[in-house]
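Structure first, then comments.
Residue numbers (this note's numbering): 1 to 125.
Below is the structure:
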């Protein structure tokens, strides 16, 4: 279910895994890339109607407060479509940097691994 331009497919892969969409961010996304990722993900949610969405950032070495906010707002949009969104793969270094930058984390559901994220995304509560 890879959607979007070839450039976006190199930066992010969106695929259906059971009842969840898994969106793996493969490399840093600039503003245009983040918009394309968001559009592609929301379109995939609309088309496939999954029980949950997992956004995997484990391939990233760096995630600044701006990029984190863009992901957080994308997760909120997914939730408005009635689908739980879970962020997975944040490294301790990224977490420390986000805290130091006073990044807003309200509303973000996060799990350390893809497996935990899939379980959380499809859980009833």
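All C-beta atoms, glycine included, are put in the ideal place defined by N, C-alpha and C.
Just so you know, these numbers come straight off a predicted model, no measurement behind them.
Per DSSP, the beta-bridge partners of residue 56 are 24 and 88. Annotation for residue 13: the continuous beta strand (DSSP E) segment containing it runs 12–17.
Between residue 66 and the set 101, 36 and 81, the nearest pair of CA atoms involves 101. Contact between residue 117 and residue 83 does not hold, since the beta-carbon distance rounds to 13 Å and is not under 8 Å.
Restricting attention to 96, 89 and 94, the CA atom closest to the CA of residue 110 is found in 89. Going by C-alpha positions, residue 122 is about 6 Å away from residue 52.
For residue 49, the number of other beta carbons within 10 angstroms of its own is below 16, and it is reported as exposed. Its Cα nearest to that of residue 19, the residue 44 stands out among 70, 38, 37 and 44. In the DSSP assignment, residue 111 is bridged to 88. Less than 7 Å divides the Cβ of residue 25 from the Cβ of residue 57.
Annotation for residue 45: the continuous alpha helix (DSSP H) segment containing it runs 31–48. Note on geometry: alpha-carbon atoms of residue 71 and residue 119 lie some 20 Å from one another.
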